[in-house]
Structures are given as C-alpha cells and as structure tokens.
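**Q**
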Amino acid sequence: MRTFFKALFRNPRATGAVFPSSKYLAHRMAACIDTTKPGYILELGPGTGAITKGILESGIPAEKLIALELVPDFAEKLQRRFPGVTVIRGNAMNLSELLKDKLPVHTIISSLPLRSLSKNDRRIILAEIPKVLGPGGQFIQFTYSMKNDADFYPKNFKLMDSFLVWRNIPPARVTVFRVED
C-alpha cells in the first residue's frame, strides 16, 4: 500500500486512482477473459498488482501473463510479488515495439487512466492495441465513469459488455470490447 501512495503523491495523473483496485473489481475483470484462446494475456498499468492477483486466482497460468508497467517502483514490486509473470517496464504508447517477441496476445486487460491522459497519448495507445491483439482479440478496460462510454473508443472496438462494480473505491465501470482490424 505504501508503494501505491508514494507513486500517487509523486505523479497522480500517471497513477490514475485514489486507492488500489478491490479484489471484487479484479475478479470481475478476470472473469471476462476468454481462456479458450491461445496466446498471452497482457495487463496494462498493473500498478501494485491487485488485478494481476485476480487474474492469477482465476486460474490463468503466470507464464501466460505479461504485465506492462510504466512506474519503476510498481514494476519492481510486481516482479518480486509475481515471479512467474513477465513484467515489462515501458509505456503503452510503444506496445507493438515492446511486445514484438511476445505475440500473439489474445486479451488486453487495462487499468490505464485513459480519461486522465492527453487526447494524443490516448489516441496513440488505442491505435497500438489492434497491432498486438490476435484476430477477434479482447480489450477489457475499467474506468471510474458511471456511464457507458463505448463511443469514447475507436470504431473498431466493438462493445461486448459493460457493467458497474460497486464494491470498489470509487465504483468502477468495466467495459469489454472485441477489437477488429
């Protein structure tokens, strides 16, 4: 928890949350993953690992999970806490370059603070996602928006599901997309 608050006070926009995600949010997001598809699961912005833990508890093997984290303290903590998970320190704006040796990815599960990023940074990240996802890949994102904001995403992100998780501080919306080329 100390690592989280240290990062929050250092750079609140990069952290994008006021508290770590709850286990309820983690389990609801993990339950959306289609486990029948081959390839990796990529977690964007895992922070201290609350969602990572939920993914692993859902039965996903650690060697199938890649965590991409920008904040150095978070990346180090993730590596220690989840030794079987591949942790890459880097920026999601460079997804295709960072993951060129780790394809195919069938699901991206994201805690990135997309709403607090600049419009340009958000556009770059959302354009990178289809480059690393296999055909019919999933993109699962949570935000603190109470409304369904599917039109916030590019047209090739096809809405599959959207729901609220009330047992999180603050409550979170999970949106699930199938990404087309």
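With the first letter of the sequence shown counted as 1, position 116 gets the number 117 in the numbering used here; the numbers rise by one all the way through. Every residue, glycine too, gets a C-beta built ideally from N, C-alpha and C.
Tyrosine 1 and valine 177: beta carbons closer than 9 Å?
**A** What is shown of the chain runs 2 to 182, which leaves residue 1 out entirely.
**Q** Look at the alpha carbon of proline 21 and the alpha carbon of threonine 49, and state the distance between them as a whole number of angstroms.
**A** Cα to Cα, proline 21 sits roughly 8 Å from threonine 49.
**Q** Quick one: which unbroken alpha helix (DSSP H) runs of 4-plus residues sit fully inside the segment 90-116? Chain order, please.
**A** Counting only runs of 4 or more, we get 96-99.
**Q** Just the C-alpha distance for serine 146 and phenylalanine 153, rounded to the nearest angstrom, thanks.
**A** When rounded, the distance between both Cα atoms is 11 Å.
**Q** Measure the alpha-carbon distance for leucine 69 versus arginine 82 and round it to whole angstroms.
**A** The straight-line gap from Cα to Cα measures roughly 15 Å.
**Q** In the structure shown, what three-state DSSP assignment does leucine 127 receive?
**A** Helix at leucine 127.
**Q** Could you name the residues of the same chain whose beta carbon sits closer than 6 Å to that of leucine 115, not counting the 5 residues immediately before and after it, in chain order?
**A** So the qualifying residues of the chain are Arg123.
**Q** To which residues of the same chain is cysteine 33 closer than 6 Å at the C-beta, ignoring the five residues directly before and after it?
**A** The residues are Ile141 and Val177.
**Q** Run through DSSP, which three-state label would glycine 55 get?
**A** Note: glycine 55 maps to helix in three-state DSSP.
**Q** My guess is that isoleucine 42 and isoleucine 110 are in contact by the Cβ rule of under 8 Å, so how many angstroms apart are they, rounded?
**A** Correct: roughly 7 Å between the Cβ atoms.
**Q** Could you give the distance in angstroms between the alpha-carbon of isoleucine 89 and the alpha-carbon of leucine 134?
**A** In a straight line, the C-alpha of isoleucine 89 is about 17 Å away from that of leucine 134.
**Q** Out of Leu113, Met161 and Gln139, state which residue places its alpha-carbon closest to the alpha-carbon of glycine 46.
**A** When only C-alpha atoms are compared, the closest one is Leu113.
**Q** Looking at isoleucine 56: is its Cβ nearer than 9 Å to the Cβ of methionine 30?
**A** Closer than 9 Å, so yes.
**Q** Express the C-alpha separation of proline 73 and aspartate 162 in angstroms, rounding to a whole number.
**A** Computed Cα separation, rounded: 33 Å.
**Q** Ends of the alpha helix (DSSP H) at tyrosine 25?
**A** Tyrosine 25 -> alpha helix (DSSP H) spans 24-31.
**Q** Beta-carbon within less than 7 Å of alanine 76's beta-carbon, same chain only, minus the 5 sequence neighbours each way: which residues are those?
**A** Counting only Cβ-Cβ distances below 7 Å, and skipping sequence neighbours, we find Glu70, Val88 and Arg90.
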